[in-house]
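Q: Chains as they are written, first to last, in our numbering: chain A, 1413 to 1790; chain B, 19 to 355. Below is one structure. I have some questions about it.
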Ligand SMILES: Cc1ncc(C[n+]2csc(CCOP(=O)(O)OP(=O)(O)O)c2C)c(N)n1
Ligand SMILES: [Mg+2]
């Protein structure tokens, strides 16, 4: 028998004395045993039909956005694109539940959430186009730059949410992280900080089953990723990430929970990456076509459309209108990416510091001379 | 440990302070002047920091502006990034040189790059204070000189004061900077004392000549400045009149002052505690050679820590650049041509 196996005797409750802080009841923090669903359940009858139609239009737009961005990689207009095909319900809902003055902290896969926040595709995709590291004005859109180092954006969201509260603003920050990202130290530190500070922040983990090729089974032994919340004293929610209505409901509640001062929330959305990790990846090396087919059945767009049709909430004209809006977005993307971006090599030196150092001025002069020589040679 | 709370030094009045008290005064003055300045780190609140640099700040400004954080350096710096994005000016204390390493990814991938990657839209005015260097008898992981890592990272300013007055002035300048500053505090100089007049803040990035001389120029910073000044005193007896330059700022680097100081003597030795290979001295020697080649009577030499992990306390004196090793280097500057 080891120490751990010993039955808790009466002494167990007296020692250690209660000097090390409060012991909290974990029960209210625990996620549901199964992912929360709404569509195709009786509870769906109470949903606002206009919300469902709005979600549908946005998912159609999102799917078309993913397709067009993928096409742009094939045409060499984007250097790389990590598609969120199959995860549109997560990303659209994440943007939709936030107020304009709330902040979003996306990762490289979350440009659809960024576009859903009102950023133009050509700005949302700047990093992936390769002409600059970043496109939009973060302060104007209350949306942080895409974060590529996994989970490093999570502590930023905590700090921003905490700062907002210190300044008396009821602003919420929402950080997007992948299932693989939950293994990173920064994810742990962010959740721990959030719990201790009681910061108004929501962490949305899009569990799409894989971190490039590595399945979740090799990533974590936790019962679910949502259970990780409990160790930090924050609430965990498990939700079907391919059910747009469930995503919208759970995230709305999570944001309200955080905004009202009841503390942070960790939401795990169970979803699937229908495409490869990026256009440069070969997903057949680590998953079977059968697996992908099974998830196609749970395609968030198909699930929502089936529901709308079964309940007579949309007709062919509604479907056609959504498709038309999506084609307009795709045409806008093609037009914006058709022209070559303007590049200014000397801009490399302008934003390293507020004022270039003497050394950077010298190096800028060197490059300027090279450019002048190049121009002369032409 | 004695307290660092300064005897209520009103700005402008001359007072006798330790470096620790000067740093404490700088933090207090900055927090009084600007309500967006906040201090955060491990043990900075109730305790006042393990070196007492934040002593009394929680009492004056409250726990929210002098925040005791969980033990998580990436979390500390990462949340400071979010705070700075929302308009605050965090001053982060990382408890010891070697315990700053967990924050490296945040520092390199976000703090140093955010202004650049957002084309100036998200500057991060964060000051990262790190007690560094040896000579205090610290056990393993308490004596690293990690400045080369930071100086090698574009987007960071790297400052290190060597005098009590600079402890105050340079920390004020760091906090006022709209760019992130790694502020390296030579921990063995925390208890050095001087009469200073806390006052207006100089811009970042200028070296100063601490001692004029004609024979050779010692280029140094931080904890090695007093050693170099002592070496210069001893050298007088041997007939050498050494100039001593206190670099103060590794980034930006003051080529102008350094170049002039080396050309004036034609001989130079760089002195620092950090290990030599790939250390700041290598960069400085290269810059000096590039700019002063025809003025030099001898190769630029370096006196640095050995290329070893920082030694145990009972052996550290053999590792640290001392007066004798500096003078031996000066002796090797090809005097008998
Ligand atoms: C700190 C860090 N390590 C490794 C990588 C390389 N990398 C990029 S994406 C990725 C997989 C991430 O998986 P997950 O968090 O599940 O997000 P997903 O790509 O599935 O959206 C890896 C390993 C990285 N970007 N950052
Ligand atoms: Mg994943």
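Built from N, CA and C at the ideal position, the CB exists for glycine as well.
Name the two residues that bound the continuous beta strand (DSSP E) containing residue 108 (chain B).
A: Segment 107-111, the beta strand (DSSP E) holding residue 108 (chain B).
Q: In whole angstroms, give me the CA-to-CA distance for residue 1776 (chain A) and residue 1593 (chain A).
A: Between residue 1776 (chain A) and residue 1593 (chain A), the C-alpha separation is close to 38 Å.
Q: When every heavy atom of ligand 1 is checked, does at least one fall within less than 6 Å of the C-beta of residue 1597 (chain A)?
A: Residue 1597 (chain A): no, Cβ never under 6 Å from ligand 1.
Q: Provide the residue span of the beta strand (DSSP E) that contains residue 1619 (chain A), from first to last.
A: Counting along the chain, the beta strand (DSSP E) containing residue 1619 (chain A) begins and ends at 1613-1619.
Q: In chain order, what residues of the same chain lie with their CB nearer than 8 Å to the CB of residue 1479 (chain A), ignoring the 5 residues before and after it?
A: The answer, listed in chain order, is 1497 and 1742.
Q: Take residue 202 (chain B) as the anchor and find which of B:37, B:250 and B:323 has the nearest alpha-carbon.
A: Answer by Cα proximity: B:37.
Q: Which of the three DSSP states is assigned to residue 171 (chain B) in this structure?
A: In this structure, residue 171 (chain B) counts as coil in the three-state DSSP scheme.
Q: So, with DSSP's three-state summary, where would you put residue 150 (chain B)?
A: Reduced to three states, the DSSP call for residue 150 (chain B) is strand.
Q: Just by C-beta distance, which residues in the segment 1553-1570 of chain A are closer than 9 Å to chain B?
A: Listed in sequence order: 1556, 1557, 1559, 1560, 1561, 1564, 1565, 1566, 1567, 1568, 1569 and 1570.
Q: Which ranges does the beta strand (DSSP E) cover as unbroken runs of at least 3 residues, wholly within the segment 1508-1591 of chain A, from first to last along the chain?
A: Listed in chain order, the complete beta strand (DSSP E) runs (minimum 3 residues) inside the segment 1508-1591 of chain A are 1515-1517 and 1585-1590.
Q: If you scan the segment 239-274 of chain B from start to end, which runs of the beta strand (DSSP E) of 3 or more residues do you find wholly inside it?
A: The segment 239-274 of chain B contains these whole beta strand (DSSP E) runs: 260-264 and 267-269.
Q: Can you find the residues in the same chain that come closer than 6 Å, C-beta to C-beta, to residue 1683 (chain A), ignoring five residues on each side of it along the sequence?
A: Closer than 6 Å at the Cβ level, and outside the excluded window around residue 1683 (chain A), lie 1499, 1502, 1618, 1620, 1653 and 1654.
Q: May I have the straight-line CA-CA distance separating residue 1736 (chain A) from residue 1460 (chain A), to the nearest angstrom?
A: About 24 Å.
Q: Roughly how many angstroms separate the alpha carbons of residue 1685 (chain A) and residue 152 (chain B), rounded to a whole number?
A: Distance between the alpha carbons of residue 1685 (chain A) and residue 152 (chain B): 51 Å.
Q: From residue 1447 (chain A) to residue 1631 (chain A), what does the alpha carbon distance come to, in whole angstroms?
A: Cα to Cα, the separation comes out at about 19 Å.
Q: Is the CB of residue 1543 (chain A) under 7 Å away from at least one CB in chain B?
A: False, the Cβ-Cβ gap to chain B never drops below 7 Å.
Q: Which residues, in chain order, does the segment 118-133 of chain B contribute to contact with chain A at a C-beta distance below 7 Å?
A: Correct list: 123, 124, 127, 128 and 133.
Q: To test your reading of the DSSP string, which unbroken beta strand (DSSP E) runs of 3 or more residues are found completely within the segment 1636-1712 of chain A?
A: Fully enclosed beta strand (DSSP E) runs of 3 or longer: 1647-1652 and 1677-1682.
Q: Report the three-state DSSP secondary structure of residue 1625 (chain A) (helix, strand or coil).
A: Three-state DSSP puts residue 1625 (chain A) in coil, outside helix and strand.
Q: Taking C-beta pairs closer than 7 Å, name the residues in chain A that residue 140 (chain B) reaches, listed in chain order.
A: Near residue 140 (chain B) (Cβ distances below 7 Å), the residues of chain A are 1550.
Q: Residue 1598 (chain A) versus chain B: which residues are under 7 Å apart at the beta carbon?
A: Near residue 1598 (chain A) (Cβ distances below 7 Å), the residues of chain B are 92 and 96.
Q: Verify whether the separation of the beta carbon atoms of residue 171 (chain B) and residue 116 (chain B) is less than 7 Å.
A: For residue 171 (chain B) and residue 116 (chain B), no; Cβs fall outside 7 Å.
Q: In whole angstroms, give me the CA-to-CA distance for residue 240 (chain B) and residue 246 (chain B).
A: Residue 240 (chain B) and residue 246 (chain B): Cα-Cα distance of roughly 11 Å.
Q: Do the CB positions of residue 1516 (chain A) and residue 1482 (chain A) come within less than 7 Å of each other?
A: No, these two residues do not count as a Cβ contact at 7 Å.
Q: From residue 1701 (chain A) to residue 1505 (chain A), what distance separates their C-alpha atoms?
A: Whole-angstrom Cα-Cα distance: 28 Å.
Q: Taking the alpha carbon of residue 1600 (chain A) as the reference point, which residue from A:1559, A:1574 and A:1642 has its own alpha carbon closest?
A: Closest option to residue 1600 (chain A), Cα to Cα, is A:1642.
Q: Check each residue of the segment 1640-1671 of chain A: if its Cβ is closer than 9 Å to any Cβ of chain B, include it; give the result in chain order.
A: So nothing in the stretch comes that close.
Q: Answer with yes or no whether the minimum CB distance from residue 137 (chain B) to chain A is below 7 Å.
A: With 7 Å as the cut-off, residue 137 (chain B) counts as an interface residue toward chain A.
Q: Would you say residue 1617 (chain A) lies against chain B (beta-carbon separation less than 7 Å)?
A: With 7 Å as the cut-off, residue 1617 (chain A) does not count as an interface residue toward chain B.
Q: Sorted by chain position, which residues of the same chain lie with C-beta nearer than 6 Å to residue 44 (chain B)'s C-beta, five sequence neighbours on each side aside?
A: So the qualifying residues of the chain are 186, 189 and 190.
Q: Using the rule of at least 16 other Cβ atoms within 10 Å of the residue's Cβ for burial, across every protein chain shown, is residue 40 (chain B) buried or exposed?
A: Burial call: buried.
Q: From the DSSP output, in three-state form, read off residue 1632 (chain A) for me.
A: Residue 1632 (chain A): coil per DSSP, three-state reduction.
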